[in-house]
Amino acid sequence: MRAKRSGMRCNKPKRKQAVREGTAMEFINSRAAKAAKLPFSQAVRVGDILYLSGALGNVPGKLELVPGGIVAETRQTMENIGAVLKENGLTFADVFKCTVMLADMSRWAEFNRIYITYFDPDRLPARSAFGTNGLALGAQVELECCAYSGNR
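As structure tokens, then:
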């Protein structure tokens, strides 16, 4: 016995519908990011949430990592994230979730020593961390974040 077609449509939202309902997406890139012609946006705002792409410890505007190993890369990664947050009127206090990717999980403690200095100790974001077998540019760390922008 064949099921009757009910005429119901899939509930999968379409972009056109999302815009009409007030949930527009904004794709965000600084001039430096546009000049680098990377195949992704630095951040995308959907409603009250700013989704930041994974950041590396690269020299701003260049596709080269800062020298000095994981400590220097972690510090520059955090500074790069801070710059994107600032361009969007936000700070690290607005970050509520981070995902950490490390080329070597044995360097987790070194990463953490730098990472925690950017947050209030009573307001650390929810976080996941995992090891990878390779990151862009041969980086030792990559970090992506989500920030709440509803108070802006």
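Residue 73 is where the sequence shown starts when you use the numbering used here, and the numbers rise one by one after that. Using N, Cα and C, we set each Cβ at its ideal position, and we do this for glycine too.
Assignment of A211 by DSSP, reduced to helix, strand and coil, places it in the coil class. Within the same chain, G203 come within 7 angstroms of M177 by CB-CB distance, once the 5 residues on both sides are set aside. Here the stretch 215-223 lies against the stretch 161-176, with 3 or more beta-carbon pairs under 8 angstroms apart.
Residue pairing by DSSP places L174 opposite G203, V213 in a beta bridge. Ranked by how close their Cα comes to the Cα of A201, the residues M173, T189, G210 have M173 in first place. A105 and G126 have their C-alpha atoms some 13 angstroms from each other.
If you look at F183, you'll find it in the alpha helix (DSSP H) that goes 180-187. Taking a 10 Å sphere around the C-beta of F164, we find 16 or more other C-beta atoms and assign the residue as buried.
Secondary structure at E98: strand, using DSSP grouped into helix, strand and coil. N130 is bridged by DSSP to L137. Contact annotation: the stretch 206-214 does not touch the stretch 150-158, with fewer than three C-beta pairs closer than 8 angstroms. For L124, the enclosing beta strand (DSSP E) begins and ends at 121-124. Closest in alpha carbon position to R179, among D192, Y123, Q212, is Q212.
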